[in-house]
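End of the sequence shown sits at 287 in this note's numbering; the numbers just go up one at a time, nothing left out. We treat Cβ as the ideally placed atom computed from N, Cα and C, and that holds for glycine. For reference, the structure discussed in these notes is given below.
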Amino acid sequence: MNRTFAGAALAAICIPAAPVAAQDAEWVSTLEGRAPAEMGLVLLGERDHAEIVEIVDRTMGMTPPGMRDYALLERPVRMGDACQRVRWDVTAGISDGLSTRSAYARRQVALAPADPCEFADYATLADGIEDEQGVELLRMASALHETGRPLECGDETASDLCRTDNYLRLQLRYLTATRIARDGDSTVVWFGEPFTEVRVPDDEGSPIAVVRRVPAVF
């Protein structure tokens, strides 16, 4: 199960449910009692980044032994009625002391006209999409249920997503966008779980394609 840590609560990461293996002892000692900002300095080193305010432990069963996966969230910045932040996906090795194996920065935006940026639902932007453009694409995605354009629907799961046009639009209204990309002359938006992909052609005369599928296991 993923765990989220903020402030002093980060110390919980240093109390494993199972006994600490000998090779993990130095890792536990390195992180014990550190706040997210301090852990950010440990894991990101000299990489240019803003203050880290939240840590998400993303280590799962498929994570190789001796490795830990984290999402490090920078302090968000308000942009009018929207917010922007950077998320770092970090893989750390712990078998022989703590070492960062990889760290990738991903820009995220959210619509938050009334809520604090800290509590907004963020969508990750693919490379090539600037923050302001991402906000406008997110506005478009949040209004898909109201579009006058026809919707084409495909469902590879048993969710019955394509039951009726009205039902499809109702589902789109309550889904949360998680990733936005450009693909040729279309915008592609991915929504939550189960995995739902919406492809919006720039040509407003073309239908919008909605497909729900079970994501591939890697």
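Cross-strand partners of residue i (DSSP beta bridge)
i, result
"Ser171", "Thr160"
"Gln240", "DSSP, once it has assigned bridges, lists no residue as partnering Gln240."
"Phe260", "Ala246, Thr265"
"Cys152", "Arg147, Ala179"
Check whether residue i and residue j have beta carbons under 8 Å apart
i, j, result
"Ile249", "Leu206", "yes"
"Thr132", "Arg156", "no"
"Ala246", "Ala195", "no"
"Val283", "Phe264", "yes"
"Arg268", "Leu230", "no"
"Asp150", "Leu180", "yes"
"Leu44", "Asp234", "In the structure as shown, the chain begins at 70 and stops at 287. Residue 44 is therefore absent and cannot be evaluated."
"Pro145", "Glu107", "no"
"Pro105", "Val125", "no"
Integer-rounded CB distance, given that residue j should sit under 8 Å from residue i
i, j, result
"Tyr139", "Leu167", "Actually they are not in contact, since the Cβ atoms of Tyr139 and Leu167 sit about 12 Å apart, beyond 8 Å."
"Glu273", "Arg218", "7 Å"
"Ser255", "Pro270", "5 Å"
CA-to-CA distance, residue j to residue i, given in whole angstroms
i, j, result
"Glu266", "Trp259", "5 Å"
"Cys222", "Leu237", "8 Å"
"Asp93", "Thr169", "Note that Asp93 has pLDDT 48, beneath the 50 cutoff, so the model's placement of it is unreliable and the number below is only indicative. Taking the straight line from one Cα to the other gives about 15 Å."
"Leu244", "Gln153", "20 Å"
"Tyr173", "Glu120", "16 Å"
"Cys226", "Gln202", "Residue identity check: residue 226 is Thr in the sequence provided, not Cys. In a straight line, the C-alpha of Thr226 is about 32 Å away from that of Gln202."
"Gly109", "Glu199", "24 Å"
"Met129", "Arg147", "32 Å"
"Asp184", "Asp190", "10 Å"
"Arg251", "Gly197", "8 Å"
"Gln240", "Thr216", "14 Å"
"Pro182", "Val257", "24 Å"
"Gly253", "Arg103", "44 Å"
"Ser171", "Arg242", "36 Å"
"Asp117", "Arg176", "14 Å"
Contact test: residue i Cβ vs the ligand SAH heavy atom, cutoff 7 Å
i, result
"Gln177", "In the structure on display, the ligand SAH does not appear, and there are no ligands present to speak of."
* Output the residue ranges of the alpha helix (DSSP H) runs that lie fully inside the stretch 188-213 and measure 4 residues or longer, sorted by chain position. => Taking only runs of at least 4 residues, the alpha helix (DSSP H) segments lying wholly in the stretch 188-213 are 200-211.
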